[in-house]
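K.L.:
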Amino acid sequence: MTDAAAEPARRGRRNRDLTGRHVLITGASSGIGRAAALAVAGKGATVFLLARRGEELTAVVDEIRAAGGSAYGYSCDVTDSDSVDQVLGIVLAEHGHVDMLVNNAGRSIRRAIHRSTDRLHDFERTMAVNYFGALRLTLALLPQMRERKFGHIVNISSAGVQVATPRFAAYLASKAALDKFTEVAAVETMADGVTFTTIHMPLVRTPMITPSGDQGPAESPEWAAATIVRALTERPKRIDVPLGTIAEYGALLTPKIRDRVLHRYYRALPDSPAAKGEPTEPDDEQLEPVDSLPVRPPRSAARRVTGTALRRAARWVPGTHW
């Protein structure tokens, strides 16, 4: 298909809204999940919000309804099979079906491996939420999606999986497991009308990153929400950011240089107080934190110009896989 012939199809994907769709989002009481729920409801979908904290969940539901959207909140712990089964039973009984699932709930831990030798629970906790939590929702909703011959599942992964970011072994291992499950599931459900999108998110300015200190430029929750909406409306196989794509090329073409660069990055940045076991608020292992967002420090004129140039160059890096 030529570019000219493909353009109408691209426009159709971009213009497709979510009116009439039932979209379930986990971790929806704050951060990326909250922003995604607002954005998805704004596209006309009925949104089912899942999170552990009832008060914050109710506030987001009220916010969506005040704007004219349709939303329902359910208190749920994705690490608890009984909780998931009970809530999904209620959702399906009250609303009939779920068209789309966004596995957003997550736990992030930044700690060097040498500080984790007596902390196996770091790895167990991240797997419990990031991998097994997503699997619980996916496996529970898959039968009704296959029966209806339609479903789309968006799994929030991390660009760090492509980069192999130091100090995030526990977090990235859980996301890598989810990536591979998604890849296999997408192949097996191709004839069932069920599709998957993996989003390799960059760093996003949510309270969860506060204990890790300054890790460089970060996107806003609204940017992340727009990416999730794109995943739901266009339904590509993967959405990457330039950093992740370049890191994958680097690992393939110059693996030793990539490793040296990452090792220097590891040595240049200190461990956070939380990683050293020092008291800090909020905890870097906190799930779906609710404190105020970290404030981005002002940038110099030189950094602004450089950043603009880099963003323009990054547009040439492919990031969507169909």
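Read in order, the letters of the sequence shown correspond to residues 1 to 322 in the UniProt record's numbering. We put the CB at the ideal spot given by N, CA and C, even for glycine. The structure presented is a predicted model; accordingly, all values stated were derived computationally and were not measured.
1) Skipping 5 residues on each side, what residues in its chain have a beta carbon closer than 6 Å to that of Arg53?
2) With burial defined as no fewer than 16 other Cβ atoms inside 10 Å of the residue's Cβ, what is the status of Arg16: buried or exposed?
3) Would the region 157 to 174 and the region 125 to 137 be scored as touching if the rule is three or more Cβ pairs under 8 Å?
4) Would Leu92 and Gly73 qualify as a contact pair, given that the criterion is a beta-carbon distance under 8 Å?
5) Put Arg304 into one of helix, strand or coil per three-state DSSP.
6) As a quick exercise: from Val60, Arg148, Val204 and Thr165, pick the residue whose alpha carbon is nearest that of Thr195.
7) CA-CA distance, Leu142 and Gly151?
8) Report back the beta-carbon spacing between Gly33 and Ile25 to the nearest angstrom; my notes put them in contact at under 8 Å.
9) Just to confirm the assignment, what range does the alpha helix (DSSP H) spanning Tyr265 have?
10) Find the nearest neighbour of Met127 within the set Ile109, Ile113, Ile199 and Gly68, judged by alpha-carbon distance.
11) Give me, in chain order, the residues of the same chain whose beta-carbon lies closer than 8 Å to that of Arg304; leave out the 5 immediate sequence neighbours on both sides.
12) So what's Gly151 in DSSP terms, helix, strand or just coil?
13) Could you tell me the alpha carbon to alpha carbon distance between Ala82 and Arg267, rounded to whole angstroms?
14) Consult DSSP for Pro24 and reduce its assignment to one of helix, strand or coil.
15) What number of angstroms, rounded off, separates the C-alpha of Gln144 from the C-alpha of Val163?
16) Between Thr46 and the rest of its own chain, which residues show a CB-CB distance below 6 Å, the 5 nearest in sequence each way excluded?
17) Give me, in chain order, the residues of the same chain whose beta-carbon lies closer than 7 Å to that of Glu183; leave out the 5 immediate sequence neighbours on both sides.
18) Between Val154 and Ala41, which are expected to be in contact by the criterion C-beta below 8 Å, what is the C-beta distance as a whole number of angstroms?
19) Secondary structure at Val229, three-state DSSP: helix, strand or coil?
20) When DSSP labels each residue in this structure, what does Arg119 get in the three-state scheme?
21) Under a Cβ-count criterion, where at least 16 other Cβ atoms within 10 Å of its own Cβ denotes burial, should Asp179 be classed as buried or exposed?
22) Whose C-beta lies closer than 6 Å to the C-beta of Asp99 among residues of the same chain, with five residues either side of it excluded?
23) Mind listing, in chain order, the continuous beta strand (DSSP E) runs of no fewer than 3 residues lying wholly within the region 35 to 101?
24) Quick one: measure Cβ to Cβ for Leu203 and Ala218, integer angstroms, because I've assumed they're closer than 8 Å.
25) Quick one: what's Ile156 bridged to in DSSP?
26) Compute the beta-carbon to beta-carbon distance between Pro166 and Leu262, rounded to the nearest angstrom, for a pair I have assumed lies under 8 Å.
27) Between Ala191, Asp192, Thr197 and Ala169, which has its C-alpha nearest Phe181's C-alpha?
28) Between the Cα of Gly193 and those of His95, Ala185 and Ile64, spot the shortest distance and give me the residue it belongs to.
29) For Asn104, does the three-state DSSP call read helix, strand or coil?
30) What number of angstroms, rounded off, separates the C-alpha of Glu124 from the C-alpha of Glu222?
31) What does the alpha-carbon distance come out to for the pair Cys76 and Val87?
P.N.:
According to the structure shown:
1) Setting aside the 5 residues that flank it on each side, Arg53 is surrounded in the same chain by Ser29, each with a C-beta closer than 6 Å to its C-beta; the list follows chain order.
2) exposed
3) yes
4) Contact: no.
5) Any reading at Arg304 is ruled out, since the residue's pLDDT is 49, under 50, leaving its predicted position unreliable.
6) Arg148
7) Rounded to whole angstroms, Leu142 to Gly151 spans 8 Å at the Cα level.
8) Rounded, the Cβ-Cβ distance is 6 Å, consistent with contact.
9) Pro255 to Ala268 is the span of the alpha helix (DSSP H), which, as asked, contains Tyr265.
10) When only C-alpha atoms are compared, the closest one is Ile109.
11) Since pLDDT at Arg304 reaches only 49, below the 50 mark, its modelled position is unreliable, and the value read off the structure follows with that caveat. Once the five neighbours on either side are set aside, Arg304 has no close Cβ partner at all.
12) strand
13) The sequence as given places Asp at residue 82; Ala does not occur at that position. Going by the C-alpha atoms only, they are around 43 Å apart.
14) In the sequence under discussion, the amino acid at residue 24 is Leu, which differs from the Pro named in the question. Strand at Leu24.
15) 36 Å
16) His22 and Ser70
17) None.
18) So it is not a contact: roughly 16 Å between Cβ atoms.
19) helix
20) coil
21) buried
22) Arg21 and His22
23) 46 to 51 and 70 to 75
24) 4 Å
25) Ile199
26) 6 Å
27) Thr197
28) Ala185
29) coil
30) About 30 Å.
31) The alpha-carbon atoms of Cys76 and Val87 are separated by roughly 7 Å.
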